[in-house]
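Engineer:
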Amino acid sequence: MTTAAKNYDVADLALAGGGQTRIEWADRHMPVLASIRERFAREKPLEGIQLGLCLHVTTETANLVRALTAGGADVALCASNPLSTQDDVAAALVDRHEIEVYAIKGEGDEAYYAHINAVCDKHPKITMDDGADVIGVLHSERTDQLPEVIGGTEETTTGVIRLRALEREGKLGFPIIAVNESATKHFFDNRYGTGQSTLDGIIRATNILIAGKRVVVVGYGWCGRGVALRAKGLGAHVIVCEVDPLKALEAVMDGYEVMPSIDAAREGDIFITVTGDMHAIGGQHFGVMKSGAIIANSGHFNVEVDIPALLEMAVARREARPFVEEYELGDGRRIFLLAEGRLINLSAAEGHPAAVMDMSFANQALAAEHLAKNASGLEREVHVLPPEIDQEIAKLKLETMGVAIDELTAEQEKYLSSWDQGT
Ligand SMILES: NC(=O)c1ccc[n+]([C@@H]2O[C@H](COP(=O)([O-])OP(=O)(O)OC[C@H]3O[C@@H](n4cnc5c(N)ncnc54)[C@H](O)[C@@H]3O)[C@@H](O)[C@H]2O)c1
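Numbering-wise (the working numbering), the sequence shown opens with residue 4 and increments by one.
1) Which of the three DSSP states, helix, strand or coil, is assigned to Ile273?
2) Which class does Leu411 belong to by DSSP, given the choice of helix, strand or coil?
3) By the DSSP assignment, the beta strand (DSSP E) with Tyr116 in it spans what residues?
4) Report yes if the C-beta of Thr159 is less than 7 Å from at least one heavy atom of ligand 1; otherwise report no.
5) Are at least three pairs of beta-carbons, each pair with one atom in the region 279-294 and one in the region 231-239, less than 8 Å apart?
6) Identify the continuous beta strand (DSSP E) that holds Ile180 and give its terminal residues.
7) Where does Asn10 fall in DSSP's three states?
8) Using a 10 Å radius around the Cβ and a threshold of 16 neighbouring Cβ atoms, would you call Ala17 buried or exposed?
9) Ligand 1 heavy atoms versus the CB of Asn305: any closer than 7 Å?
10) Beta carbon of Ala283: closer than 7 Å to some heavy atom of ligand 1?
11) Closest to Ala135 by C-alpha separation, out of Asp112, Asn120 and Thr161, would be which residue?
12) Is Cys57 near ligand 1 - that is, is its Cβ less than 7 Å away from at least one heavy atom of it?
13) Does the region 151-161 come into contact with the region 98-113, if we say contact requires no fewer than three beta-carbon pairs (one atom in each stretch) closer than 8 Å?
14) Alpha carbon to alpha carbon, how far is Gly344 from Gly227?
15) Should Tyr195 be counted as a contact of ligand 1 given a C-beta to heavy atom distance under 7 Å?
16) Do the region 201-210 and the region 297-306 touch if we need at least three Cβ pairs shorter than 8 Å?
17) Taking DSSP's pairing of strands, which residues face Arg328 in a bridge?
18) Kindly confirm or deny that the region 49-57 and the region 125-134 touch, where touching means at least three C-beta pairs closer than 8 Å.
19) Where DSSP assigns a beta bridge to Asp132, which residues make up the other side?
Dropping the structure here:
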């Protein structure tokens with residue numbers, strides 16, 4: 004056992020024992036990350052490097068932190084969402100792993116940003132974001148620190164969108180690895196992880212039967228595809244709303260009903276936003292929804308649902324159950340908003356299962372190693388990890404799942420790289 008970290012702000016260190024047991028449970032489902040941790044322990048690719056992490060504080064993140072510290076890094080961690088922290092995990096990281104953690108589930112905006120600043124106070128050389136909040140603070144309030152940072156990584160679609168905007172304006176202070184863009188991240192995490200855990204969050208919060216319900220999925224990107232698939236699997240009639248004709252066409256061919264969101268608003272029993280956009284559901288939708296409609300968001304920020312408009316239309320509100328807020332409208336209809344519009348899977352459930360975060364966080368660990376080795380040669384742009392790393396992670400994952408695949412023969416390789424063989 005180690006001694007606790009000196010600086011931290013977590014809910015209750017007494018929760019550490021339970022948190023540690025859960026971290027070990029997640030570790031059992033993260034064999035790829037474990038193999039990276041073992042290699043990092045031997046090779047120490049991050050020796051003496053200060054890392055500033057702003058990630059959901061979950062059991063899976065704890066195992067990423069273990070891999071990074073095994074590699075020699077000094078890590079400080081804050082939450083990337085005020086509602087997603089698992090307080091027992093935060094306590095275990097402080098108490099059992101000597102990590103500086105600044106995160107408390109349900110913290111207000113002020114504490115949230117104070118915690119981000121506490122991580123910045125450590126003067127990170129590498130940042131690791133989920134939603135670009137540390138990078139946002141460094142690029143607005145703490146620009147004097149920008150030259151100290153050799154590079155950063157970004158976990159999610161919304162963060163990548165923000166960073167590409169900084170890059171376009173020529174304001175990006177250091178190179179970024181967009182981990183989200185790795186195939187072994189978004190194919191699996193966004194689709195299967197968000198798909199399963201979003202339904203899990205809705206069910207834990209409400210205990211409703213999904214079968215027979217009309218579930219409206221707003222946004223048919225990587226996350227939306229997974230959410231729609233899992234809702235359909237549970238017996239829902241799924242309606243998809245999109246703005247991109249290609250995605251809409253794909254949804255039609257995948258067997259879903261597709262219609263404008265204002266029409267879907269009249270029909271839906273449950274609404275799930277996964278657009279990365281603002282006000283995907285707003286006042287005009289609330290105006291026509293059935294009484295009893297349930298709204299959940301699984302996109303990164305709580306702006307996907309226009310909550311101020313809902314507040315304005317409401318004459319009364321109360322907590323119906325934990326994570327379920329009932330809004331009574333002037334005409335007597337009731338609308339139920341889950342988890343204050345924040346990511347439902349991380350607020351009311353535990354986020355993605357460890358088996359999928361295994362690949363996402365393998366990418367994060369290897370991205371940190373890539374930056375430690377190559378940052379000086381990288382432009383101040385948004386980069387993706389080399390495809391060989393994706394291939395390697397997929398190969399390792401298959402091996403740990405006991406799945407073997409074929410290899411191309413020399414003859415096949417030649418055929419596939421030629422233009423003059425065929426009919
Ligand atoms: N809950 C989680 O754990 C989790 C995990 C991964 C990603 N995310 C977040 O989920 C969001 C979506 O991520 P993604 O990877 O699916 O992105 P994506 O870009 O693949 O998909 C978003 C889709 O939403 C559509 N869209 C945008 N505005 C819309 C609108 N007003 N109405 C209808 N459709 C609209 C886009 O056309 C696009 O097809 C992002 O905010 C991302 O950061 C959350």
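Virtual Cβ for every residue (Gly too), placed ideally from N, Cα, C.
Structural biologist: By the coordinates alone:
1) strand
2) coil
3) Taken as a continuous stretch (DSSP letters only), Tyr116 belongs to no beta strand (DSSP E), being part of the alpha helix (DSSP H) at Asp112 to Cys123.
4) yes
5) no
6) Note, Ile180: beta strand (DSSP E), Ile179 to Ala181.
7) coil
8) Answer is exposed; the Cβ neighbour count stays below 16.
9) Answer for Asn305: no, Cβ out of range of ligand 1.
10) Yes, since a heavy atom of ligand 1 falls inside the 7 Å radius drawn around the Cβ of Ala283.
11) Thr161
12) no
13) No: fewer than three Cβ pairs fall under 8 Å.
14) 16 Å
15) no
16) yes
17) As written in the sequence, residue 328 is Glu, which differs from the Arg given in the question. According to DSSP, Glu328 bridges with Glu322 and Leu340.
18) yes
19) Cys57 and Glu157
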